[in-house]
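**Student:**
There are 2 protein chains.
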Amino acid sequence: MEAMEAKTDYQPLLKSLGLKSTPKRLAMLEMLDGEQAYLSPEDIWKKLKRRFKSIGLPTIYRNLEELEGKNVITKVIHPNRQLYYYFCRHSSHHHHFVCISCKKVQDFTSCAVADIEREIRDKIKGKVVSHIFQVNGLCRECV
Amino acid sequence: MEAMEAKTDYQPLLKSLGLKSTPKRLAMLEMLDGEQAYLSPEDIWKKLKRRFKSIGLPTIYRNLEELEGKNVITKVIHPNRQLYYYFCRHSSHHHHFVCISCKKVQDFTSCAVADIEREIRDKIKGKVVSHIFQVNGLCRECV
DNA sequence: ATCTAAATAGAAATGATTTGCGTTTATAAT
DNA sequence: ATTATAAACGCAAATCATTTCTATTTAGAT
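If you're matching them up, the sequences are chains X and C in order.
Plus 194 on top of the position in the first sequence (first one is 1) and you've got the working numbering.
Plus 194 on top of the position in the second sequence (first one is 1) and you've got the working numbering.
1) Quick one: residues in its chain with C-beta nearer than 6 Å to the C-beta of C/Tyr204, no 5 flanking neighbours on either side, listed in chain order?
2) So, with DSSP's three-state summary, where would you put C/Tyr232?
3) Could you name the residues of chain C that X/Val337 contacts, counting a contact when the two beta carbons are closer than 9 Å?
4) Distance cutoff 8 Å, beta carbons only. Does X/Ser248 sit that close to anything in chain C?
5) Which same chain residues, not among the five before or five after X/Leu261, have their C-beta less than 6 Å away from its C-beta?
6) Could you please tell me which residues of the segment 208-232 of chain X, in chain order, have their CB closer than 8 Å to any CB of chain C?
7) I'd like the list of long-range same chain contacts for X/Lys241, defined as Cβ closer than 7 Å, with 5 residues on each side in sequence excluded.
8) Provide the residue(s) that pair with X/Ser324 in DSSP beta bridges, ordered along the chain.
9) Would you mind telling me which residues of chain X sit closer than 7 Å to C/Asn257, beta carbon to beta carbon, in chain order?
10) Report the partner residues of C/Cys336 according to the DSSP bridge assignment.
11) Measure the alpha-carbon distance for X/Lys321 versus X/Asn265 and round it to whole angstroms.
12) Report, in whole angstroms, the separation of the C-beta atoms of C/Ile326 and X/Phe302, which I expect to be a contact under 8 Å.
13) Chain C partners of X/Gly331, CB-CB under 8 Å?
14) Out of C/Glu236, C/Phe246, C/Arg244, which has the shortest C-alpha to C-alpha gap to C/Pro252?
15) Return the Cβ separation of C/Lys214 and C/Leu208 in integer angstroms, given the expectation that the two are a contact with Cβ distance under 8 Å.
16) When the distance is taken between beta carbons, is C/Gly331 closer than 8 Å to X/Val307?
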């Protein structure tokens, strides 16, 4: 007997975002949610080609951009290459610890952005709009 | 009478790095040092074309990579596009506040990376190799 | 002045991402 | 259930930053 896998139904999410629930979009979300590591658009494309006889890379890009814009998924900056990778976002404010070996992504909560915002307000007299905070390293298994 | 501009002589720096002091390299360093804002490889190329009748974009890329590898300049990640921008690094450990309007880059010193490293060591049991910490916003003049 | 490895220009290749456009499909109204 | 319509999509081609290749030039040492 196989272990039950409770898969999230993403149709309501897509509906709430005003996006149509297409099989490919649902498959993308399920894949990204199930994956511990970050994936490139091409990674996703290759995996989906197993399930969909015809699927284009532009579809992947379009959907990734759409979902990233709606804060459903998050970009990860690759240390060496200038490609974007994506993975599922689980909480609103968090930061990523990215394993450079196995590509696994783990969140951490410590965040000094409040401190930094204070410094920027007081010294630089500027306004913070966004920040990129990504820690690259080796995870437990890869150390 | 014009104000004196004390320009740094970058020849010793290049020599100490084992790089030849070519006119183009020197011009790149002077430009990046003088510039408050970050520049794209193409920005640099366009500016240098005024002074050098023949200069190729590959030269810019090669030198930027070389200098970045030697920690003389630093990459800045552009929020929207996936291009790399560069500017001169002044201290060993610092972070960037990048104005999304005028592209000026200012350093800030508050850094909680120590805290985060502790969390990653204790909870994730991983090893930090590098981090990207860049705050995007609007500077004093652009607010 | 000469030599040699490093640096360069210019053209071409690469590779990720985007665009254009005609076709298909999800969804809401009938 | 059928239909209408805007959103999604596939495919091909375009775009654009970056890299590679190769022959030539040049900085710096002898």
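Heads up, the beta-carbon is just placed ideally off N, CA and C, and yes, glycines get one too.
**Tutor:** Quick answer:
1) Leu220, Leu223
2) coil
3) Lys319, Gly320, Lys321
4) no
5) Ile267
6) none
7) Met225
8) C/Asn330
9) Those do not exist, as C/Asn257 stays about 18 Å from chain X at its closest Cβ, beyond 7 Å.
10) Answer by DSSP bridge pairing: none, since C/Cys336 is not bridged.
11) 22 Å
12) Rounded, the Cβ-Cβ distance is 14 Å, inconsistent with contact.
13) Ile314, Gly320, Lys321, Val322, Val323, Ser324
14) C/Glu236
15) 7 Å
16) no
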